[in-house]
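**Student:** Position 16 of the sequence shown, counting from 1, maps to 21 under this note's numbering, and the rest follow consecutively. Think of the CB as a built atom: it goes at the ideal place given N, C-alpha and C, for glycine as much as any other residue. No experiment lies behind these values; they were computed from the predicted model shown. Okay, here's the structure, questions in a sec.
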Amino acid sequence: MTNDTIMEPAFLLPDLIEIQRSSFRWFLEEGLIEELNSFSPITDYTGKLELHFLGQNYKLKEPKYDVDEAKRRDSTYAVQMYVPTRLINKETGEIKEQEVFIGDLPLMTERGTFIINGAERVIVNQIVRSPGVYYKSEIDKNGRRTYSASLIPNRGAWLKFETDRNDLVWVRIDKTRKLSAQVLLKALGLSDNEIFDALRHPEYFQKTIEKEGQFSEEEALMELYRKLRPGEPPTVLGG
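Laid out in structure tokens, this is it:
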């Protein structure tokens, strides 16, 4: 092999920012329209007027500054967004249409970044679990099988119910310290009969009651507050 030999690359490096550009392209072509249509129409409290957003016909004006100028001026590289709207008077049948300014929409640069107040920013993708119920079964160090169920909502606190080696049922709220599942269920206003009727294996809950003792709804609210806000005086209203 001579010094003039050209080595073939071992692999071709893909365009690592194409995923950012293609994602933003989808947002402009489809996602933004879907979002505008998701809350249209808006009805006033009397039910007489309806405001429709015609998202598929939205318009973007030319940006005021290009990328370099936005950086120099400590400005945002963005475009003005206008959406056609239709106001319908359901009593008279009158219809009015008007193009409305919604706001400034930041644009993505060729580098897959955004210029916000003169600073270059990038969006970092994050993988999160989809909302739903996740069940898990494990063998502990003593060879006993334990079970858990995680409840993940669209918004709000995560709940994780789990059994221990003594077959007691516990719950964690947003990965905090565990507390008796009885406390949470009683704090929600459920009675023993309602809880037992809903369980396929009520013996687990029975063991929990025998171990923890009975809780009234007020006692459960106080205990829940103590667990979630340690160091603060517990109150029923706060729970």
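#1: What is the residue span of the beta strand (DSSP E) that Asp73 lies within?
#2: With a threshold of 6 Å on Cβ separation, who are the neighbours of Val133 within its own chain once the five nearest residues in sequence on each side are excluded?
#3: Quick check on Trp31: buried or exposed, where buried means 16 or more other Cβ atoms within 10 Å of its Cβ?
#4: Assuming Val105 and Leu41 form a contact by the criterion Cβ under 8 Å, report the distance between their Cβ atoms to the nearest whole angstrom.
#5: Please state whether DSSP places Lys95 in a helix, a strand or coil.
#6: Based on the DSSP output, what are the partners of Gln85 in its beta bridges?
#7: I need the straight-line Cα distance from Leu97 to Arg77, nearest angstrom please.
#8: Have a look at Gly161, Asn171, Thr48, Ser80 and flag the residue whose alpha-carbon is nearest the alpha-carbon of Glu178.
#9: From which residue to which residue does the beta strand (DSSP E) around Trp31 run?
#10: Among the candidates Phe58, Leu65, Val84, whose CA atom is the shortest distance from the CA of Gln103?
#11: Excluding five sequence neighbours on each side, which residues of the same chain lie with their C-beta closer than 7 Å to the C-beta of Leu112?
#12: Would you report the Cα separation of Leu156 and Val138, rounded to the nearest angstrom?
**Tutor:** Walking through what the data contain:
#1: The residue labelled residue 73 in the question sits at position 68 within the sequence shown. That residue, Asp73, is in no beta strand (DSSP E); its alpha helix (DSSP H) goes 72-77.
#2: The sequence position of residue 133 within the sequence shown is 128, counting from 1. Closer than 6 Å at Cβ, skipping near neighbours: no residue.
#3: Taking the first residue of the sequence shown as position 1, residue 31 is located at position 26. Result: exposed.
#4: Counted from its first residue, the sequence shown places residue 105 at position 100. Counted from its first residue, the sequence shown places residue 41 at position 36. The pair is not a contact, with the Cβ atoms about 11 Å apart (cut-off 8 Å).
#5: Locating residue 95 in the sequence shown gives position 90, where the first residue counts as 1. Of the three classes helix, strand and coil, the one that applies to Lys95 here is coil, per DSSP.
#6: As a first step, residue 85 is located in the sequence shown; it is residue number 80 there, counting from the start. Answer is Asp109, bridged to Gln85.
#7: Locating residue 97 in the sequence shown gives position 92, where the first residue counts as 1. Locating residue 77 in the sequence shown gives position 72, where the first residue counts as 1. Per the sequence shown, residue 97 should be read as Thr rather than Leu. For Thr97 and Arg77, the distance between alpha carbons rounds to 53 Å.
#8: Counting from 1 along the sequence shown, the entry for residue 178 is found at position 173. Reading off the sequence, residue 178 comes out as Ile, not Glu. Out of Gly161, Asn171, Thr48, Ser80, Gly161 has the C-alpha closest to the C-alpha of Ile178.
#9: Position 26 of the sequence shown holds residue 31. No beta strand (DSSP E) contains Trp31, which is instead part of the alpha helix (DSSP H) from 23-31.
#10: Locating residue 103 in the sequence shown gives position 98, counting from the first residue. Nearest C-alpha to Gln103: Phe58.
#11: Taking the first residue of the sequence shown as 1, we reach residue 112 at position 107. Here the set comprises Pro68, Tyr82, Ala83, Val84.
#12: Within the sequence shown, residue 156 is the residue found at index 151, counting from 1. Within the sequence shown, residue 138 is the residue found at index 133, counting from 1. If you take the alpha carbons of Leu156 and Val138, they lie about 5 Å apart.
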